[in-house]
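**Q** Numbering-wise, my numbering puts 277 at position 277 of the sequence shown, and it's gapless, one number per residue. Using N, Cα and C, we set each Cβ at its ideal position, and we do this for glycine too.
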Amino acid sequence: MDIEPKNNRAKRVADSLNSLKVKLICAFTHFALQPLNKFTIIFQTHASRIGAIKEDTLLLLRGYLANFIQPEIIITTADILTIDYRNKVNQLPRNSLVVGNDTLDLISEFEDEIHGTLMGDRFYDSVCLFSETVVSKMLAKFPHRNDTLSDLAFLNPRNRTHCCIQSITRLCKQFMTTTSEEIDQIIQEFVAYKITPDNQLPSYNPTDIAAIDHFWSTMSRLYFLPYRIQMLIQNVYSALVKKIETDSCSLLSPSTTCDLLNIKMNHDTACNLSQDLISEELIEIAKKATRKSLEKEN
Numbered sequence: 001m002d003i004e005p006k007n008n009r010a011k012r013v014a015d016s017l018n019s020l021k022v023k024l025i026c027a028f029t030h031f032a033l034q035p036l037n038k039f040t041i042i043f044q045t046h047a048s049r050i051g052a053i054k055e056d057t058l059l060l061l062r063g064y065l066a067n068f069i070q071p072e073i074i075i076t077t078a079d080i081l082t083i084d085y086r087n088k089v090n091q092l093p094r095n096s097l098v099v100g101n102d103t104l105d106l107i108s109e110f111e112d113e114i115h116g117t118l119m120g121d122r123f124y125d126s127v128c129l130f131s132e133t134v135v136s137k138m139l140a141k142f143p144h145r146n147d148t149l150s151d152l153a154f155l156n157p158r159n160r161t162h163c164c165i166q167s168i169t170r171l172c173k174q175f176m177t178t179t180s181e182e183i184d185q186i187i188q189e190f191v192a193y194k195i196t197p198d199n200q201l202p203s204y205n206p207t208d209i210a211a212i213d214h215f216w217s218t219m220s221r222l223y224f225l226p227y228r229i230q231m232l233i234q235n236v237y238s239a240l241v242k243k244i245e246t247d248s249c250s251l252l253s254p255s256t257t258c259d260l261l262n263i264k265m266n267h268d269t270a271c272n273l274s275q276d277l278i279s280e281e282l283i284e285i286a287k288k289a290t291r292k293s294l295e296k297e298n
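(1) So for Q91, helix, strand or coil by DSSP?
(2) Quick check on the DSSP output: what are the complete alpha helix (DSSP H) runs of length 4 or more inside the stretch 103-170, in order along the chain?
(3) Okay, do the stretch 70-79 and the stretch 178-192 touch, 3+ Cβ pairs below 8 Å being the bar?
(4) Let's test the definition: count the other Cβ atoms within 10 Å of the Cβ of N146 and tell me whether it reaches 16, buried, or not, exposed.
(5) What does the alpha-carbon distance come out to for the pair R160 and E189?
(6) For F68, collect the residues of the same chain with a Cβ closer than 6 Å to its Cβ; drop the 5 residues on either side in sequence, then sort them by chain order.
(7) By alpha-carbon positions, which one of D184, N87, H144 ends up nearest to R62?
(8) Using the rule of at least 16 other Cβ atoms within 10 Å of the residue's Cβ for burial, across every protein chain shown, is T57 buried or exposed?
(9) Take M138 and list the residues in its own chain whose beta-carbon comes closer than 6 Å to its own, dropping the five residues that flank it on each side.
(10) Just to check my reading of the structure: S136 and I25 have Cβ atoms closer than 8 Å, yes? What is that Cβ distance to the nearest angstrom?
(11) What are the boundary residues of the alpha helix (DSSP H) that V311 is part of?
(12) Helix, strand or coil for I69, going by three-state DSSP, please let me know.
(13) Can you list, in chain order, the residues of its chain whose CB lies under 6 Å from that of I165, leaving out five sequence neighbours each side?
(14) With a 10 Å radius around its C-beta and 16 neighbouring C-beta atoms as the bar for buried, classify N37 as buried or exposed.
(15) Look at L106 and K23 and say whether their C-beta atoms are less than 7 Å apart.
(16) Just the C-alpha distance for I195 and K141, rounded to the nearest angstrom, thanks.
(17) Exposed or buried, which one is G116 when buried takes at least 16 other CB atoms within 10 Å?
(18) Identify which residue in C163, G100, R94 has its Cα closest to the Cα of G120.
(19) How should R49 be labelled, buried or exposed, when 16 other C-beta atoms within 10 angstroms of its C-beta is the threshold for buried?
(20) In the structure shown, what three-state DSSP assignment does S19 receive?
(21) Buried or exposed: K288, going by 16 or more other Cβ atoms within 10 Å of its Cβ?
(22) With 16 other CB atoms within 10 Å as the buried threshold, where does V89 fall?
(23) According to the neighbour-count rule (16 or more other Cβ atoms, all chains shown, within 10 Å of its Cβ), is I285 buried or exposed?
(24) How big is the Cα-Cα spacing for Q185 and A192?
(25) Is it true that the CB of I212 sits closer than 7 Å to the CB of L152?
(26) Can you tell me whether I283 is buried or exposed, with buried defined as 16 or more other CB within 10 angstroms of its CB?
(27) Would T218 pass as a contact of P202 if the rule is Cβ separation under 7 Å?
(28) Compute the Euclidean distance between the alpha carbons of T290 and P197, then round it to the nearest angstrom.
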């Protein structure tokens, strides 16, 4: 059995890698895999994409269809999942396939060796086969028809006006144990969310991978803000009342307590420094009231 010398094998590999066919394939695959690589990177982050995954997958699918399917077919088809992408009639002419700038430069440089040749025909056939295979995998593996993901589209604020109430009720019944009254409350909150203008909602930057996380994190803080403010007011009120009703002032009438509380709540200056609040007349009235109180005690 003859054994091929190592230098011959190395030369054969080098010649293959240096061939125009391999250069074309490498340039095309580098271009064609970029959207998939970006899509993978997005899902490797810790950010939640649950509210945008359906939109993300449809955009990715549409992009790959646009590489080899005629634009009119994509535009006029209501549901791009139903496009007959294997039908050659629906595909672009071979010289109009989207293959990337580096590939186009090679085709332009070696035009005589590609156009109208067997190698050129095989390359374009490979491009179509690659695109068909990618689209086939997307249709088979991506959750395009998942009802739950469709219902969760409201998490993306840009889609909120297109979401229906039935989506919310289905989610409530699927993931929550709620009464009819609680579901009605959720529906009212959802309707309010739908009709709220964008400028009254937290900012949403669609270019940010974690945009949905940031949006709903801010929304949750705004939702609980009234309750937190109410608790803060109650705490402040209790603290001020305790300061007013000390042991030495435990017999103050409710009206006097309210007056002092009003001053403390609405003015940030110490009482003895507020000349506009403590007039000579007020001091005289206070002295008379004190004398009367002391006389009663005696």
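**A** This is what the structure gives:
(1) strand
(2) Counting only runs of 4 or more residues that sit fully inside the stretch 103-170, the alpha helix (DSSP H) segments are 111-114, 118-141, 147-151, in chain order.
(3) no
(4) A residue is called buried when at least 16 other Cβ atoms come within 10 angstroms of its Cβ; N146 does not meet this threshold and is exposed.
(5) 12 Å
(6) Excluding residues within five positions, the ones whose Cβ falls inside 6 Å are Q91, L92, L97, C128, S131.
(7) H144
(8) buried
(9) L61
(10) That pair is no contact at about 20 Å.
(11) Because the chain here runs from 1 to 298, residue 311 falls outside it and cannot be looked at.
(12) strand
(13) I187
(14) exposed
(15) In terms of Cβ geometry, L106 and K23 form a close pair [threshold 7 Å].
(16) 35 Å
(17) exposed
(18) R94
(19) With 16 or more Cβ atoms within 10 Å of its Cβ, R49 is classed as buried.
(20) coil
(21) exposed
(22) exposed
(23) exposed
(24) 11 Å
(25) Against a cut-off of 7 Å, the Cβ pair of I212 and L152 comes out as no contact.
(26) exposed
(27) Yes. Within cutoff.
(28) 58 Å
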